[in-house]
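Visitor:
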Amino acid sequence: MGFYAAGNPLIEEVVEKGRVLYMRKETAAWLADAQEERDTASILLDHQKYRGACLHSQQCVEKGLKALILERGSRPPRTHDIVELLNQATAAGWNVDLAMDEAIFLNSVYRGRYPTEEGLLPRGDPTREEAGRALAAAETMMAALRKLLPQSG
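Numbered according to the numbering used here, the sequence shown spans residues 1102 to 1254.
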């Protein structure tokens, strides 16, 4: 904190605004995977593959949240639970613009990944609207990541 006491404007900005200036290499890899999941979800939605679009949207959000947790120096938990990951990212100091009801919805998408699991599938395959909702959550996550980690965009 000697730099901060000496009035270094760069250090002051980091401390006061919580800005990330240099991203961890591992974080960048998770972000690249998150972006690829979002892109895949979009392609699948365009081709009426709604189950796949939902799954890849969920994976985008999961990987994005894990990237934030990793960036704070913690090991991301081995879970697919978006609510748990969102809570952990928030506890790590990130202000992620993802509504809790969207996190709960994405959890239902993942639990419906296999035909015998409950999730969206007991009601049948996901609809275009549900796939669109999942993709919108993925896009919200990517926008949040670009805001929180500016060098990722």
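Note that beta-carbon positions come from the ideal geometry of N, C-alpha and C, so glycine has one too.
In the stretch 1128 to 1178, which residue ranges form an unbroken alpha helix (DSSP H) of at least 4 residues, counting only runs that do not cross its ends?
Guide: Correct list: 1151 to 1172.
Visitor: Just checking, does the stretch 1232 to 1246 make contact with the stretch 1154 to 1167 on the three C-beta pairs under 8 Å criterion?
Guide: yes
Visitor: ALA1232 and CYS1155: beta carbons closer than 8 Å?
Guide: Inclusion of ALA1232 and CYS1155 in the CB contact set at 8 Å is warranted, their separation being smaller than that value.
Visitor: Apart from the five residues on each side of it in sequence, which residues of its chain come closer than 8 Å, Cβ to Cβ, to TYR1151?
Guide: LEU1145, ASP1226, PRO1227, THR1228, ARG1229, GLU1231, ALA1232
Visitor: Just verifying my parser: in three-state terms, what is the DSSP assignment at ALA1232?
Guide: helix
Visitor: On the three-pair Cβ rule with 8 Å, is the stretch 1168 to 1178 touching the stretch 1186 to 1203?
Guide: yes
Visitor: Please work out which residues of its chain come closer than 7 Å, Cβ to Cβ, to ASN1208, disregarding the five sequence neighbours upstream and downstream, and give them in chain order.
Guide: ASP1182, ILE1183, VAL1184
Visitor: Note down, in chain order, each residue of its chain lying with its Cβ closer than 6 Å to the Cβ of GLY1279, except the 5 sequence neighbours on either side.
Guide: Examination of residue 1279 is not possible in this model, given that the chain is present from 1102 through 1254 alone.
Visitor: Grouping DSSP H, G and I as helix and E and B as strand, with all else coil, what is PRO1227?
Guide: coil
Visitor: State the Cα-Cα distance for the pair ARG1255 and LEU1132, rounded to the nearest angstrom.
Guide: With the chain covering 1102 to 1254 only, the question about residue 1255 has no answer from this structure.
Visitor: Have a look at PRO1251 and GLN1149 and give me their C-alpha separation to the nearest angstrom.
Guide: 33 Å
Visitor: What's the call for GLU1138, buried or exposed, on a 16-neighbour Cβ count within 10 Å?
Guide: Its Cβ being crowded by 16 or more others within 10 Å, GLU1138 is buried.
Visitor: Go ahead and pull the three-state DSSP assignment for ARG1247.
Guide: helix
Visitor: When we look at the beta-carbon of ALA1130 and count the other beta-carbons within 10 Å, is it buried (16 or more) or exposed?
Guide: Exposed: under 16 other Cβ atoms inside 10 Å.
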